[in-house]
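Residue numbers (our numbering): 34 to 508.
Everything on this sheet refers to the single structure shown next.
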């Protein structure tokens, strides 16, 4: 709508200019030849903003007006050649301006697309965020029908789909795609761009040719994703008609493939670093469990429960990553508890006293590690109760960070199903019923509902279920 209004506005301005310039030429006949050059202005405006066809039409109108003015002032015979030359000049200006404008617009769109992809690569380390945008832009910027990015598996030579645009799920999941089975992909792996102008006529080995034709894909360009000599995968863009891919198409897709390769390498480096962090965290957890055999497997189970709750509640991947660290390390403060118990004569009494301090001890242990700071809320507040009677600070309701509320429910469920020695474990259904009973007092009701839904075991209210005679479930 806005574009249509702006086109009409430009057309009105061009018309006014044509009339005004014609009036000037008639008014100042003595220097009419000089004023005739003013006709370039509406011609250029029309060619830039209204397109080449309208630009040529305005050029011809301008030539006609200037010829009419010349005829009325000097007659036809002395200036016929001048009018013809002027018409040719106006026509050339219109065509050249329109072509240059189109080229500049095209270059601007290319630069904008590449900037958008580069910005996305710099803002995120998640391939799920970046690669779908690259796949979409690859097709759109080359006027293709569809596209797909396939990444080389860590082991073997299979190219697995990572992102696509415009392809049906049936086509994407049609079967394994292996480099060794395709001459095309072998050439791509060597760093070449392979163009298939017509899949019906090109007999080079290509995966699932008939399936591609049935999908309506008749032409394809395959661009390697690589960093240096390292082959990471392939970017394919398809067209629904036989097509000769241009140098521009190749240049643009190579640039987009380069951005995709940077994103893939960054994500892989991040994954390696994240794995190192995770291994460090697991080592700390094993140190805790080695001190107290009753805790064996507790952190791992709580981590599993809390991630199920997070998925049920629709938390983001970044939030789930933080929860994973918080759940794994939520009891790390008990290292200090166990060490201090060795120095006292009444271990049980001292354990009870220290128990309430282990969240703060855990926070102080983890605080120097910058990559764990986002998990500190879970470690510090996972023993707070929803009614405000928990510890260490007695927070209430939504004053308790969401991370800690999720951990409290997961921790409570594990304490009921895997209690300390001497207590009978509850069945999953009974444990969920007990959490329901304590919802609103010990636990956030919404989080309890999310755990029940995640486990697929909706329980009836305590009026319909025998209340287990267990003790506190917030150990």
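Virtual Cβ for every residue (Gly too), placed ideally from N, Cα, C.
I need the straight-line Cα distance from residue 72 to residue 87, nearest angstrom please. By 1-based counting over the chain shown, the position of residue 72 is 39. By 1-based counting over the chain shown, the position of residue 87 is 54. CA-to-CA, the gap between residue 72 and residue 87 works out to about 15 Å.
By how many angstroms is the C-alpha of residue 198 removed from the C-alpha of residue 407? The count along the chain shown starts at 1 and reaches residue 407 at position 374. The count along the chain shown starts at 1 and reaches residue 198 at position 165. Those two C-alpha atoms are separated by around 35 Å.
Locate the alpha helix (DSSP H) running through residue 475, then write down its first and last residues. On the chain shown, position 442 is the one that residue 475 refers to. For residue 475, there is no enclosing alpha helix (DSSP H), as DSSP marks it with neither H nor E.
What residue range does the alpha helix (DSSP H) around residue 409 cover? Looking up residue 409 in the chain shown gives position 376. For residue 409, the enclosing alpha helix (DSSP H) covers residues 409 to 414.
Can you give me the Cβ contacts of residue 117 inside the same chain, cut-off strictly under 6 Å, excluding the 5 residues immediately before and after it? As a working mapping, residue 117 is identified with position 84 in the chain shown. There are no such residues.
Return the CA-CA distance between residue 75 and residue 278, expressed in angstroms with no decimal places. By one-based count along the chain shown, residue 75 stands at place 42. By one-based count along the chain shown, residue 278 stands at place 245. Distance between the alpha carbons of residue 75 and residue 278 is about 36 Å.
Looking at the unbroken alpha helix (DSSP H) that takes in residue 338, where does it start and where does it end? The residue you call residue 338 lines up with position 305 of the chain shown. Per DSSP, the unbroken alpha helix (DSSP H) holding residue 338 starts and ends at 331 to 345.
What does a CB cutoff of less than 6 Å around residue 433 pick up in its chain, not counting 5 residues either side in sequence? As a first step, residue 433 is located in the chain shown; it is residue number 400 there, counting from the start. Result list for residue 433: 414 and 417, in chain order.
State the Cα-Cα distance for the pair residue 55 and residue 177, rounded to the nearest angstrom. Here residue 55 refers to the residue found at position 22 of the chain shown. Here residue 177 refers to the residue found at position 144 of the chain shown. The C-alpha of residue 55 lies about 46 Å from the C-alpha of residue 177.
Extent of the continuous beta strand (DSSP E) to which residue 254 belongs: Taking the chain shown and counting its residues from 1, one reaches residue 254 at position 221. Note, residue 254: beta strand (DSSP E), 252 to 260.
Would you kindly report the start and end of the unbroken alpha helix (DSSP H) that includes residue 82? Counted from its first residue, the chain shown places residue 82 at position 49. Going by DSSP, residue 82 is part of the alpha helix (DSSP H) stretching over 73 to 83.
Quick one, which of 351, 487 and 368 has its alpha-carbon nearest residue 319's? By 1-based counting over the chain shown, the position of residue 319 is 286. Taking only the C-alpha atoms, the option nearest residue 319 is 368.
Cβ-based neighbour list, residue 375, same chain, cut-off 7 Å, excluding 5 preceding and 5 following: On the chain shown, position 342 is the one that residue 375 refers to. Low confidence applies here, because residue 375 scores a pLDDT of 48, under 50, leaving its location unreliable; read the following figure in that light. Cβ within range, chain order: n/a, list empty.
Just list the residues that DSSP pairs residue 323 with in beta bridges. Position 290 of the chain shown holds residue 323. The partner list for residue 323 (beta bridge, DSSP) is empty, contrary to what the question assumes.
Does the Cβ of residue 347 have 16 or more other Cβ atoms within 10 Å, making it buried, or fewer, making it exposed? On the chain shown, position 314 is the one that residue 347 refers to. Residue 347 should be labelled exposed.
Spatially closest choice to residue 547 from 260, 251, 338 and 447, by CA coordinates: Outside the displayed span of the chain (34 to 508) sits residue 547, for which this structure offers no information.
So for residue 182, helix, strand or coil by DSSP? On the chain shown, residue 182 is found 149 positions in, with the first residue counted as 1. DSSP places residue 182 in strand when its eight states are reduced to three.
Tell me the DSSP secondary structure of residue 430 in three-state form. In the chain shown, counting from the first residue as 1, residue 430 sits at position 397. For residue 430, the three-state secondary structure derived from DSSP is helix.
Name the two residues that bound the continuous alpha helix (DSSP H) containing residue 195. Position 162 of the chain shown holds residue 195. Not the alpha helix (DSSP H): residue 195 falls in the beta strand (DSSP E), residues 192 to 198.
For residue 182, does the count of other Cβ atoms within 10 angstroms reach 16, so buried, or fall short, so exposed? On the chain shown, residue 182 is found 149 positions in, with the first residue counted as 1. In this structure residue 182 is buried. Its beta-carbon is surrounded by 16 or more other beta-carbon atoms within 10 angstroms.
Around the Cβ of residue 136, are there at least 16 other Cβ atoms within 10 angstroms (buried) or fewer (exposed)? Taking the first residue of the chain shown as 1, we reach residue 136 at position 103. Exposed: under 16 other Cβ atoms inside 10 Å.
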